[in-house]
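The number in the working numbering is simply the position in the sequence shown, starting from 1, with 536 added. We put the CB at the ideal spot given by N, CA and C, even for glycine.
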Amino acid sequence: MQSRFILLVEDDPDDVELTLRALKKNNIGNEVVTVGDGQQALDYLFARGAYADRNPAELPLVVLLDLKLPKVDGLQVLKQVRENERTRYLPVVILTSSNEESDLANGYRLGANSYIRKPVDFVQFVDAVRQMGLYWLILNEAPPTGL
Numbered sequence: 537m538q539s540r541f542i543l544l545v546e547d548d549p550d551d552v553e554l555t556l557r558a559l560k561k562n563n564i565g566n567e568v569v570t571v572g573d574g575q576q577a578l579d580y581l582f583a584r585g586a587y588a589d590r591n592p593a594e595l596p597l598v599v600l601l602d603l604k605l606p607k608v609d610g611l612q613v614l615k616q617v618r619e620n621e622r623t624r625y626l627p628v629v630i631l632t633s634s635n636e637e638s639d640l641a642n643g644y645r646l647g648a649n650s651y652i653r654k655p656v657d658f659v660q661f662v663d664a665v666r667q668m669g670l671y672w673l674i675l676n677e678a679p680p681t682g683l
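Shown next as structure tokens:
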């Protein structure tokens, strides 16, 4: 059975709260697993460290990935996700406030499925999350397990 949760990789507690509020406001009821740095994201996805008892076959529907993270930055997380056979096709949406064109280019070069710049305004952010949720959680067909 396909897991129905979202992995949010974000180190800023205010942005975590903002994202959770925006998801709730849009009636997106999927469970959201939140990790606060790139190393935790990798440990979670690959079921190691503090997450060693997690079932590694249960992957999120989508990963919402910030770029500016402590320990391991978002681009390195993306690179490792794409290099692993089990997570290679996992949908990864970069959700960042970075305006650097190099981040945009490198994100796509490393295999991001989408790149969304966080709007500063809450109403715009709620709308961006609504559209993202509609696409990634309802319309998008996930790759078959074992691909």
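Report the CB separation of residue i from residue j in whole angstroms; it is logged as a contact under 8 Å.
{"i": "Val629", "j": "Val598", "result": "6 Å"}
{"i": "Asn562", "j": "Arg666", "result": "4 Å"}
{"i": "Pro596", "j": "Ala583", "result": "13 Å between Cβ atoms; not a contact."}
{"i": "Ala641", "j": "Leu614", "result": "Incorrect: roughly 13 Å between the Cβ atoms, too far for contact."}
{"i": "Leu611", "j": "Leu544", "result": "Contact doesn't hold; Cβ gap of about 17 Å is too wide."}
{"i": "Asn635", "j": "Arg653", "result": "7 Å"}
Excluding the 5 residues flanking residue i on each side, which residues of the same chain have their C-beta closer than 7 Å to its C-beta?
{"i": "Met537", "result": "With a pLDDT of only 43 at Met537, under 50, the local geometry of the prediction cannot be trusted, and no value is derived from it."}
{"i": "Ile564", "result": "Gly669 and Leu673"}
{"i": "Leu556", "result": "Val568"}
{"i": "Tyr651", "result": "Ile630, Leu640, Gly643 and Tyr644"}
Check whether the Cβ atoms of residue i and residue j lie closer than 8 Å to each other.
{"i": "Leu578", "j": "Arg618", "result": "no"}
{"i": "Pro606", "j": "Asp657", "result": "no"}
{"i": "Leu581", "j": "Phe661", "result": "no"}
Assign residue i to one of three DSSP states: helix, strand, or coil.
{"i": "Val613", "result": "helix"}
{"i": "Arg584", "result": "coil"}
{"i": "Ile542", "result": "strand"}
{"i": "Pro549", "result": "helix"}
{"i": "Met537", "result": "With a pLDDT of 43 at Met537, under the threshold of 50, the predicted position of this residue should be treated as unreliable, and no value is reported."}
{"i": "Val659", "result": "helix"}
{"i": "Arg653", "result": "strand"}
{"i": "Leu675", "result": "helix"}
{"i": "Leu597", "result": "coil"}
{"i": "Thr555", "result": "helix"}
{"i": "Val628", "result": "strand"}
{"i": "Val608", "result": "coil"}
What does a CB cutoff of less than 6 Å around residue i pick up in its chain, not counting 5 residues either side in sequence?
{"i": "Thr632", "result": "Asp602 and Leu603"}
{"i": "Val571", "result": "Val545, Ala577 and Tyr580"}
{"i": "Ala558", "result": "Phe661, Val662 and Val665"}
For residue i, which residues of its own chain have a beta-carbon under 8 Å away from its beta-carbon, when the five flanking residues on both sides are left out?
{"i": "Pro679", "result": "Tyr625"}
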